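In our numbering, the protein residues as written are 243 to 436.
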Amino acid sequence: KPDISLKKADGLVWSVVKGTDAFTVKDGNTLWMDAAPVLTDTLVATYNGFVKRIPVAAVPDTVPLPTIAYNPHDNKITFADEMEGVTYYYTLDGTEPSVETSASTTEPVSAPAATTITVKVIAGKHNYYASAVAKAEFATTGVTDLGVGKTVASQTYVTPSGIVSATPVAGVNVVVTVYTDGTRAVTKKVFKVK
């Protein structure tokens, strides 16, 4: 049952009902308020066989503002925060992110190729308020340096009509490069063949 205390001052009746979100302001008019999120625990103190339980409440801290970085070499967006163990909730279309509805990650995110994007992100962690929204705009390339420093095992060229060749054909070609480490890269190139 809730604890109720009544006080009369200046002709007004004030009451506080512990354990609920309402209190009476004047003559039966009730004001409802959202409960403030708090972390609660019980501190137990003992002395000579006596036990005292003391409720403890604390307002959670806020996760610091995350940073956003774009790496054009691998076309990835990376989020970072000075607090360990956070999850990032982000959007790539400029809309406001939220813990409830946005995509979440703890890893780098692939950026859409060859466009301008507006990235917004918040960082969240259990028992903490989510961070403020961080925002950045990037012009992505979609070009990667995946083949830098690798040895090519084979390369094939595919025309828009689907013809596969060991040598490039004049015009647009999709170049499929397979490296000796088993990875491959696919790029689109335009060739002028004499």
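Glycine residues also receive a C-beta, built at the ideal position from the N, C-alpha and C atoms. For clarity, every value in this text was computed on a predicted model and none was experimentally measured.
Proximal residues to residue i (C-beta, below 8 angstroms), its chain only, five neighbours per side dropped
i: residue 309; result: 321, 322, 323 and 376
i: residue 284; result: 295, 296, 297 and 298
i: residue 329; result: 346, 347, 348, 365, 366 and 367
i: residue 432; result: 413, 414 and 415
i: residue 405; result: 411
i: residue 306; result: 323, 324, 325, 365 and 373
i: residue 392; result: 421, 422, 423 and 425
i: residue 335; result: 359 and 360
Same chain, Cβ closer than 7 angstroms to residue i, neighbours up to 5 away in sequence not counted
i: residue 419; result: 389, 394, 397, 426 and 427
i: residue 220; result: Since the displayed the chain opens at 243 and closes at 436, residue 220 lies outside it and no answer follows.
i: residue 340; result: 331
i: residue 327; result: 367
i: residue 304; result: 370, 371 and 373
i: residue 352; result: 317 and 318
i: residue 287; result: 294 and 296
i: residue 338; result: 362 and 375
Residue i vs residue j beta-carbon contact at 7 angstroms
i: residue 364; j: residue 331; result: yes
i: residue 401; j: residue 411; result: yes
i: residue 379; j: residue 360; result: yes
i: residue 362; j: residue 343; result: no
Whole-angstrom C-beta distance between residue j and residue i, which should lie under 8 angstroms
i: residue 302; j: residue 399; result: At roughly 58 angstroms, the Cβ-Cβ gap does not stay under 8 angstroms, so residue 302 and residue 399 are not in contact.
i: residue 354; j: residue 319; result: With 8 angstroms as the limit, residue 354 and residue 319 do not qualify as a contact, their Cβ atoms being about 10 angstroms apart.
6 angstroms Cβ shell around residue i - same chain, five flanking residues per side excluded
i: residue 430; result: 416
i: residue 407; result: 399
i: residue 270; result: With a pLDDT of 48 at residue 270, under the threshold of 50, the modelled position of that residue is not reliable, and no figure is offered here.
i: residue 282; result: 299
Just to confirm the assignment: which complete alpha helix (DSSP H) runs, minimum length 4, are found wholly within the segment 275-352?
Note on the segment 275-352: there is no whole alpha helix (DSSP H) run with a minimum of 4 residues.
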